[in-house]
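Plus 141 on top of the position in the sequence shown (first one is 1) and you've got the working numbering. Note sheet for the following structure.
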Amino acid sequence: MICRALSSRWDELLALEEGERLCSRGWDLSLLLFFPNFYRVGMANMGFQSIYRLANTVPGVACDRCFLPDPSLQPLLDRGEELVSMELKQTPREFQVLAFSVSFELDLLNVIRLLLWSKVPPLARERGDNEPLVIFGGIVPSANPEPFAPIADVVVVGEGEEALPSLLRVLLEEGETRSPRVFQRLAQVPGVYVPSFYEPRYDAFGRFVSVKVWADTPFPVVWSFWRDFSEEGNTVPLVTSESSFPGAYLVEVSRGCPHLCKFCLSSHVCRPLRVVSRERLLGYLDTLHSRLGFVGTFLSHHPHLVEAVEEAVNKGKSVTFSSLRVDSPLPLLKVVSRESGRVTFGVEAATEVLRERVGKPLPQDLIMERLLYCV
Ligand code: SF4
């Protein structure tokens with residue numbers, strides 16, 4: 142029995158969404174895209190929304206969404222009621238592919254819970270031929286796919302925007318998702334790691350020694366990166382007041398960051414640095430949405446961001462931003478603090494020594510100077 146309370150909750154949230162709801166009702170391949178955290182977090186996640194849009198643009202593919210249910214609904218699922226997708230109202234087992242977009246390490250626990258609520262075996266080796274194919278992607282599995290290897294049939298390493306369409310086309314061409322031939326073909330797609338073809342070996346102390354690779358399998362697996370990001374740009378297809386960026390039409394300004402702070406997965410996974418072209422950035426402003434959210438790593442150093450923000454304000458739009466570096470150019474800090482009413486700095490640690498250790502050596506004096514500048 143599907144969880145009717147969850148289905149109703151999805152309907153409430155769908156009613157508040159504006160934009161392109163893309164999931165079609167006729168398909169050759171059905172995919173359920175999970176964000177293993179709450180709806181408000183997932184809908185503020187550029188990567189999740191980007192993959193939702195991208196998968197639905199592949200002809201023949203229908204991509205629906207599912208999030209971690211509200212805490213009040215989780216006991217119903219623990220008691221055996223079935224998880225249900227947002228738009229098509231199908232159970233996960235009715236989809237051919239389950240894809241998880243993972244942005245936070247601790248969400249791995251939620252992945253396991255979602256698989257259990259989906260009634261799909263969490264361990265890949267226990268899945269039968271009729272189970273959905275389980276794919277992982279996002280910053281966390283890209284940075285270190287091995288913790289996902291026991292539960293993943295496939296891991297997309299790097300930026301999914303490049304690898305996912307090729308992966309989906311293989312599944313469409315084959316008309317099935319779990320045969321040995323399908324896995325062999327998937328392993329040939331750049332940016333796709335099929336863990337069952339690789340056997341890591343460890344010494345008595347648990348240290349990695351070597352890896353045994355099955356015949357005809359690429360090694361090492363190459364990372365996928367989105368070559369055309371600067372020209373194509375990236376925006377969210379859906380806007381909602383229930384997002385962590387409430388009501389904001391999110392536009393991605395840049396990917397990658399030359400600072401490569403030690404803790405920053407995003408800068409290490411999304412390489413090299415790319416910024417959207419001036420034309421694309423100003424083109425974002427033609428949206429009918431009244432609130433724009435400028436997001437991205439190294440956002441503060443886009444050469445045309447100040448111009449774009451001022452243009453957006455002239456068009457009567459309100460603006461919001463992801464966090465900025467303390468050493469952002471002063472003209473940008475001025476326009477951000479004036480127009481959004483607040484500035485969020487990514488300082489990361491309380492002392493200079495700690496910041497030095499995590500690879501973000503921001504002087505205390507500079508932080509104080511910039512704070513005073515913004516107030
Ligand atoms: S400056 Fe920010 S975006 Fe760049 S590497 Fe450091 S934390 Fe990441």
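Glycine included, C-beta positions come from ideal geometry on N, C-alpha and C. Since this is a predicted model, take the numbers as computed values, not measurements.
By alpha-carbon positions, which one of the options ends up nearest to residue i?
i, options, result
"residue 162", "448, 361 and 184", "184"
"residue 511", "174, 468, 494 and 477", "468"
"residue 327", "357, 422, 257 and 229", "357"
"residue 224", "148, 339 and 332", "148"
"residue 332", "360, 348, 187 and 346", "360"
"residue 294", "262, 303, 315 and 280", "262"
"residue 399", "408, 391 and 393", "408"
"residue 137", "380, 166, 350 and 286", "Any property of residue 137 remains undetermined from this structure, which presents the chain solely from 142 to 516."
"residue 208", "378, 478 and 189", "189"
"residue 217", "146, 155 and 256", "146"
"residue 454", "226, 433 and 286", "433"
"residue 249", "334, 279 and 159", "279"
"residue 456", "471, 440 and 424", "424"
"residue 447", "351, 192, 438 and 479", "479"
"residue 235", "171, 269, 267 and 210", "171"
Where does residue i fall in DSSP's three states?
i, result
"residue 341", "strand"
"residue 223", "strand"
"residue 479", "helix"
"residue 161", "coil"
"residue 424", "helix"
"residue 386", "coil"
"residue 496", "helix"
"residue 121", "Nothing about residue 121 can be reported from this structure: the residues present for the chain run from 142 to 516 only."
Would you list the residues sitting across from residue i in a DSSP beta bridge?
i, result
"residue 208", "176"
"residue 376", "392"
"residue 170", "202"
"residue 486", "465"
Quick check on residue i: buried or exposed, where buried means 16 or more other Cβ atoms within 10 Å of its Cβ?
i, result
"residue 496", "buried"
"residue 300", "buried"
"residue 233", "buried"
"residue 501", "buried"
"residue 241", "buried"
"residue 346", "exposed"
"residue 513", "exposed"
"residue 251", "buried"
"residue 198", "exposed"
Residue i and residue j look like a contact to me (Cβ under 8 Å); what is the Cβ gap, rounded to whole Å?
i, j, result
"residue 229", "residue 259", "With a Cβ gap of about 14 Å, residue 229 and residue 259 do not count as contacting."
"residue 461", "residue 386", "6 Å"
"residue 397", "residue 415", "6 Å"
"residue 499", "residue 403", "5 Å"
Could you tell me whether any Cβ in chain D is nearer than 8 Å to the Cβ of residue i?
i, result
"residue 324", "Here chain D cannot be found, since the structure has a single protein chain."
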